[in-house]
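Chemist: The structure follows.
Residue numbers (the working numbering): 121 to 251.
Below, the structure written as structure tokens:
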């Protein structure tokens, strides 16, 4: 199944993400995002170093070979497919960014085991770590 897919200036965030991907991988990651949405999970999508927006226009075709995705797209009216794909991509990218942010924050926290450590000792460790 082939779907005509357009990104306009309103979709600067998706255009920026598309530009950050290696050449020829956009279709693959769109399919992964849609499959993850169908399975109610988060797709593992690559994110750029920093989030941004860019101007431009992309007029492309998306190719779907998976029977599940074809059924999913046929269930959606033809005029609503592009907005649906945009919404799914934004949701999946936001979830990936939140997951990355949480992992970064967790890595920044000093690991203090929960044991019989006194509060004074715990405070001293936190002060020494600079947090």
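All C-beta atoms, glycine included, are put in the ideal place defined by N, C-alpha and C. These figures come from a predicted structure and were not determined experimentally.
1) For the structure I just gave you, are there three or more beta carbon pairs, one from the region 213 to 223 and one from the region 162 to 173, closer than 8 Å?
2) Span of the beta strand (DSSP E) holding residue 183?
3) Using a threshold of 8 Å, state whether the C-beta atoms of residue 175 and residue 129 are closer than that.
4) Which residue's Cα is closest to the Cα of residue 181: 247, 124, 249?
5) Note down the Cα distance separating residue 122 from residue 245, rounded to an integer number of angstroms.
6) What's the C-alpha gap between residue 205 and residue 155?
7) According to DSSP, is residue 252 helix, strand or coil?
8) When you compare each of 183, 157, 200 to residue 144 by their alpha carbons, which one comes out closest?
9) So the candidates are 225, 138, 241, 240; which of them puts its Cα closest to the Cα of residue 179?
10) What distance in whole Å lies between the Cβ atoms of residue 135 and residue 127, which are believed to be in contact at a cut-off of 8 Å?
11) So who's on the other strand from residue 126, going by DSSP bridges?
12) Could you tell me the distance, in whole angstroms, from the CA atom of residue 169 to the CA atom of residue 224?
13) Look at the alpha carbon of residue 220 and the alpha carbon of residue 133, and state the distance between them as a whole number of angstroms.
Modeler: In brief:
1) yes
2) 178 to 183
3) yes
4) 124
5) 58 Å
6) 11 Å
7) Because the chain here runs from 121 to 251, residue 252 falls outside it and cannot be looked at.
8) 183
9) 138
10) 5 Å
11) 179
12) 13 Å
13) 17 Å
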